[in-house]
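Worksheet: one structure, shown below.
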Ligand SMILES: [Zn+2]
């Protein structure tokens, strides 16, 4: 289907083919503004083509703004193509939305650059950043369903993926789709090479994010709205706003008031996302208490069964060393990329349109927020 509401040139320019191109495009777009502040948090690891990896951060607007909108991309590495595109579109085509407001915008580009570059959801240590924000001085959560299914999810040999999937479906039919999805995706802290692994310590990306919150004195603002952009859950191309604040909290009320009745809550079972441990949201909740509204903007792609298949193949691949250019490796990586980043103009156009809508709502909500 041809894109119609946003020009094909804009779509092509905003959606990069690789992490390195996205990063370069982001840097160039910020530098063109002159007025924007730009800095990077570099990583020791390199990308598959030996490219350097960094999280880039840009502040747009007055340094002392009382209200701040934060747009973040690539919490789940490979999901960064959509988030980066929305950030670029904002930089190039949507800055007028800030005119005559007391709102500044903080762009956090590629908080997990390793996963973005290597086409993985997880980071350089196999950690799902969105399960990593727990208190590691306390006993780690136990996920008994994951433990029960671990050997089926990731069998010893690749040729067993299909037969073990049949076993998993039998488990699902006996226990229900809801428990199946929640058990697998909730997060686990016992299988470092497994799916949705939360780690054993704060990741580098978590430390970077905590430093960003501190450096920009975000806890000192009157109100902060965060939009963390993801892909892979829900109906194809629909951008679901997921709110993981406590049910009935003032943040949920703020989200409904600003973003409308489509806001969903995993805790109430109204979201395509099941409840989870260790969400990145929690460090923001902690830093700002009732002066923050954090939402995940999740763009649907294909079925969750397809997602599990793509992730299982990728995790088996990363159990060993491999040649990035090997055709079998590339087939696994491209399947994953296609799942989290459908290369169709209609999907990409709807991502940008929904991104513009949600950003406009957030800025308006911040403007109307009384100090
Ligand atoms: Zn995600």
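Residue numbers (our numbering): 11 to 381. No residue lacks a Cβ here, since even glycine has one placed at the ideal position from N, Cα and C.
{"Query": "Residue from 157, 154, 44 and 33 whose Cα sits closest to the Cα of residue 118", "Result": "33"}
{"Query": "Distance cut-off 7 Å: residue 299 Cβ against heavy atoms of ligand 1", "Result": "no"}
{"Query": "Close-in-space but distant-in-sequence residues of the same chain around residue 41 (CB under 8 Å, 5 per side omitted)", "Result": "48"}
{"Query": "Residue 75 beta carbon less than 8 Å from that of residue 239", "Result": "no"}
{"Query": "Nearest residue (CA-CA) to residue 50, options 172, 68, 244 and 57", "Result": "68"}
{"Query": "Terminal residues of the beta strand (DSSP E) in which residue 301 lies", "Result": "Premise fails: residue 301 is in no beta strand (DSSP E) and is neither H nor E."}
{"Query": "Beta-carbon gap between residue 36 and residue 114 smaller than 8 Å", "Result": "no"}
{"Query": "Residue 140 beta carbon near ligand 1 (any heavy atom closer than 7 Å)", "Result": "yes"}
{"Query": "Proximal residues to residue 236 (C-beta, below 6 Å), its chain only, five neighbours per side dropped", "Result": "80, 294 and 304"}
{"Query": "Contact belief for residue 326 with residue 168 at Cβ below 8 Å, rounded distance in angstroms", "Result": "5 Å"}
{"Query": "Runs of beta strand (DSSP E) lying entirely within the region 35-116, each at least 3 residues, in chain order", "Result": "47-56, 62-70 and 77-83"}
{"Query": "Segment limits, beta strand (DSSP E) that includes residue 312", "Result": "Counting along the chain, residue 312 falls outside any beta strand (DSSP E), and DSSP gives it neither H nor E."}
{"Query": "Residue 167 - partner residues in DSSP beta bridges", "Result": "DSSP, once it has assigned bridges, lists no residue as partnering residue 167."}
{"Query": "Helix, strand or coil at residue 235 [DSSP, three-state]", "Result": "strand"}
{"Query": "Check: residue 86 C-beta below 7 Å from any heavy atom of ligand 1", "Result": "yes"}
{"Query": "Counted within 10 angstroms of its Cβ, other Cβ atoms place residue 270 as buried (16 or more) or exposed", "Result": "exposed"}
{"Query": "Three or more C-beta pairs below 8 Å linking the region 329-346 and the region 255-263", "Result": "no"}
{"Query": "Cβ shell of residue 178 (< 6 Å), same chain only, five flanking positions each side left out", "Result": "162"}
{"Query": "Distance between residue 318 and residue 153 (C-alpha atoms, nearest Å)", "Result": "18 Å"}
{"Query": "C-alpha distance - residue 77 paired with residue 107, whole-angstrom precision", "Result": "14 Å"}
{"Query": "Residue 207 (DSSP reduced to helix, strand or coil)", "Result": "strand"}
{"Query": "Reference residue 311, options 159, 175, 350 and 85, closest by Cα", "Result": "350"}
{"Query": "Counterpart residues of residue 249 in DSSP-defined beta bridges", "Result": "309"}
{"Query": "Endpoints, alpha helix (DSSP H) assigned at residue 10", "Result": "Past the edges of the chain, shown from 11 to 381, lies residue 10, and the structure says nothing about it."}
{"Query": "Distance cut-off 7 Å: residue 193 Cβ against heavy atoms of ligand 1", "Result": "no"}
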